[in-house]
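First to last, the protein sequences are chains A and B.
In our numbering, each number is its position in the first sequence, counted from 1, plus 958.
In our numbering, each number is its position in the second sequence, counted from 1, plus 958.
Here the structure comes first, spelled out in structure tokens, and everything after it is commentary.
There are 2 protein chains.
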Amino acid sequence: MKKKIYVHVADDHKIVIEGIIAVINTDNEIAINGYSLTGEEVIDFFDKKGNRVDVLILDITMPILDGIEVLRHFKENKINQKVIILSSYDDIKIVEEVLKLGCKGYITKNSAGEHIVNAIKAVANGEQYFSNDIQKSLFTTFSGQQVSQKGDVPDKFLIDSLTEREVDVIRLIVKEYSSQEIADELNVSTRTVETHRKNLIKKLKVKNSVGLAMYAVKNKIV
Amino acid sequence: MKKKIYVHVADDHKIVIEGIIAVINTDNEIAINGYSLTGEEVIDFFDKKGNRVDVLILDITMPILDGIEVLRHFKENKINQKVIILSSYDDIKIVEEVLKLGCKGYITKNSAGEHIVNAIKAVANGEQYFSNDIQKSLFTTFSGQQVSQKGDVPDKFLIDSLTEREVDVIRLIVKEYSSQEIADELNVSTRTVETHRKNLIKKLKVKNSVGLAMYAVKNKIV
DNA sequence: TTTCATCTACGTATTTATACGTAGATGTCT
DNA sequence: AGACATCTACGTATAAATACGTAGATGAAA
Chain A
959 MKKKIYVHVA DDHKIVIEGI IAVINTDNEI AINGYSLTGE EVIDFFDKKG NRVDVLILDI
1019 TMPILDGIEV LRHFKENKIN QKVIILSSYD DIKIVEEVLK LGCKGYITKN SAGEHIVNAI
1079 KAVANGEQYF SNDIQKSLFT TFSGQQVSQK GDVPDKFLID SLTEREVDVI RLIVKEYSSQ
1139 EIADELNVST RTVETHRKNL IKKLKVKNSV GLAMYAVKNK IV
Chain B
959 MKKKIYVHVA DDHKIVIEGI IAVINTDNEI AINGYSLTGE EVIDFFDKKG NRVDVLILDI
1019 TMPILDGIEV LRHFKENKIN QKVIILSSYD DIKIVEEVLK LGCKGYITKN SAGEHIVNAI
1079 KAVANGEQYF SNDIQKSLFT TFSGQQVSQK GDVPDKFLID SLTEREVDVI RLIVKEYSSQ
1139 EIADELNVST RTVETHRKNL IKKLKVKNSV GLAMYAVKNK IV
């Protein structure tokens, strides 16, 4: 008999975890090793306790530490663990980010259960796996404009590239402050705020302040 | 043997549906009648096709028509169907709203599977059922505790007051369109768009377009 | 020491957004 | 018939944001 594939599931919704476990149990090559409800628990499990499994199923949205931060922790601490992201988002920016952080698969919560099983087997086998919708997004991204991902591109993601001050500004933009109000709040001139705003729009590749706000909430800068 | 309790599940995430089905199947008093992936499918099932089940498990967040709109449709068309809301939100305003719309139970996705089973049985039996966290929220609200909103009148659900056209506009604002671009898209003049924008800002009590976008995403207008 | 990123600020010009307002056309409900 | 909401559009005016720039001060890093 084949060796079992061991899986750990991290999601803040118990129901989702139970669903995944139910789905996984339909396949007798795969077994559940444990689960976590927060990013903190995940790190505790893998880092402090030194556990490893064949595949970690990781949700993006979790309290305390989200999935991206978990991946970042893994990377920084050179914890070698195959990860499949299971997320509600099909935002290409998030996909790109987690890919750079070394995750091996990405499936959306819209996927049918069998896709999860397939994803687990593929990743456990050293391959990569992406949902159809994600593949489409990736395709349009990589075919449209070149995202140059050869060699060692400095793995600075957009969000990381923001300076402290820029984060200050974007936070206040989200709170519906005008440049004038932001200037008063930060004790700088409106010109400065406008410069920051301008640079933010360029950096984050959005069209206007609404785009900044949307980016900020999507990426939990707020 | 007791009569089976028939349940219909509506959620846009297949995994969640599979999870619920798996949980429900652990109890042999309850059976699945069918499931829906959008609010439209739900209405199709109950209204057009005239089906009824003992309990409908209904997610709030769904494309095309969300759970609240489904409840509203039920109420307006006098469709008598017991509903349990299954939601990620523990926002008390949403809870109050769905209660007014006649839903009989509310459980959060954090709940363990057994709670769903209990909720289904309670509601099928004519009772109400709420998750612990929801009960707490309701308690603090109704026990006179002011909800930290500096004594505001509990503003009706602003979102209801939006006209179709206003929703069109706010959706495009979220997509970072300018008034000009929105005008082109909707085939009206920029003046009209600006009027809608102005009215939206007033109606939703926000300060600017960023506020509109934030409101839209928070309240899932998008 | 030099280089570099960052924060800061200003110049000029144009485009958008916001704040007041009015008002006709249309359809719906009573 | 009348009341009403909605969608549409315009007038005038100011405030704010965006698009191009440049550039000094500062502190950290190479």
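Using N, Cα and C, we set each Cβ at its ideal position, and we do this for glycine too.
Provide the residue span of the alpha helix (DSSP H) that contains A:V1132, from first to last. 1122 to 1132
Name the chain B residues that come within less than 8 Å of A:M1020, Cβ to Cβ? What A:M1020 touches in chain B: nothing, since even the nearest Cβ is about 11 Å away.
Can you tell me which of the three DSSP states A:V1105 falls into? A caution first: A:V1105 carries a pLDDT of 28, below 50, which makes its placement in the model unreliable, though a value can still be read off. Three-state DSSP puts A:V1105 in coil, outside helix and strand.
Residue of B:M1172, B:D1012, B:G977, B:T1150 minimising C-alpha distance to B:K962: B:D1012
Going by DSSP, what residues sit across from B:H1181 in a beta bridge? Absent from the structure is residue 1181 of chain B, since the part of chain B shown begins at 959 and ends at 1180.
Given a cut-off of 8 Å, decide if A:V1125 and A:V1175 are closer than it, judged by their beta-carbon atoms. no
First through last residue of the beta strand (DSSP E) which encompasses B:T1066: 1063 to 1066
Tell me whether B:I1037 sits in a helix, a strand or coil according to DSSP, three-state version. Coil, per DSSP.
Closer than 8 Å is the cut-off here; do at least three beta carbon pairs connect the region 1025 to 1041 of chain A with the region 979 to 991 of chain A? no
Would you give the residue range spanned by the alpha helix (DSSP H) that B:G997 belongs to? Start and end: 997 to 1001.
For B:Y1087, does the three-state DSSP call read helix, strand or coil? strand
Which residues mark the beginning and the end of the alpha helix (DSSP H) in which A:K1176 is found? DSSP places A:K1176 in the uninterrupted alpha helix (DSSP H) bounded by 1167 to 1176.
Rounded separation between A:L1162 and A:L1170 - CA only: In this structure, the straight-line span from the alpha carbon of A:L1162 to that of A:L1170 is close to 7 Å.
Look at the alpha carbon of A:R1010 and the alpha carbon of A:A1077, and state the distance between them as a whole number of angstroms. 18 Å
Quick one: using the 10 Å Cβ neighbour count with 16 as the cut-off for buried, is A:R1149 buried or exposed? exposed
Let me make sure I understand the geometry here. Which of B:L1059, B:D1017, B:H1154 has the alpha-carbon closest to that of B:H1031? B:L1059
8 Å is my cut-off, CB to CB: does B:I978 come that close to chain A? yes
Taking 8 Å as the cut-off, decide whether the C-beta atoms of B:I1042 and B:I1015 are in contact. yes
Between the CA atoms of A:I982 and B:V967 - distance to the nearest angstrom: 21 Å
DSSP-derived helix/strand/coil call for B:S1147: coil
With a threshold of 16 other CB atoms inside 10 Å of the CB of A:K1156, please say whether the residue is buried or exposed. exposed
According to the Cβ coordinates, are A:V974 and A:V1000 closer than 8 Å? No, they are not a contact pair.
Any beta carbon of chain B sitting closer than 8 Å to that of A:A1171? yes
Of the choices A:Y964, A:H971, A:V1127, A:E1072, whose alpha-carbon is the least far from that of A:L1158? Here the closest residue by C-alpha is A:V1127.
Going by C-alpha distance, which of A:I1074, A:E1055, A:M1172 is nearest A:A980? For A:A980, the nearest C-alpha among the options comes from A:I1074.
Show which residues of chain B have a CB atom less than 9 Å away from the CB atom of A:E1122. Within 9 Å Cβ-Cβ: nothing; A:E1122 doesn't reach chain B, min ~21 Å.
Between which two residues does the alpha helix (DSSP H) holding B:N1009 run? Element bounds for B:N1009: n/a, residue is neither H nor E.
For chain A, is any of its Cβ atoms less than 8 Å away from the one on B:A1070? yes
Hey, quick one: how far does the alpha helix (DSSP H) through A:K1163 stretch, first residue to last? Here A:K1163 belongs to no alpha helix (DSSP H), and DSSP marks it neither H nor E.
Would you say B:I1131 reaches chain A, if we count a Cβ-Cβ gap shorter than 8 Å as a contact? yes
How would you call B:K972, buried or exposed, if buried means at least 16 neighbouring beta carbons within 10 angstroms? buried
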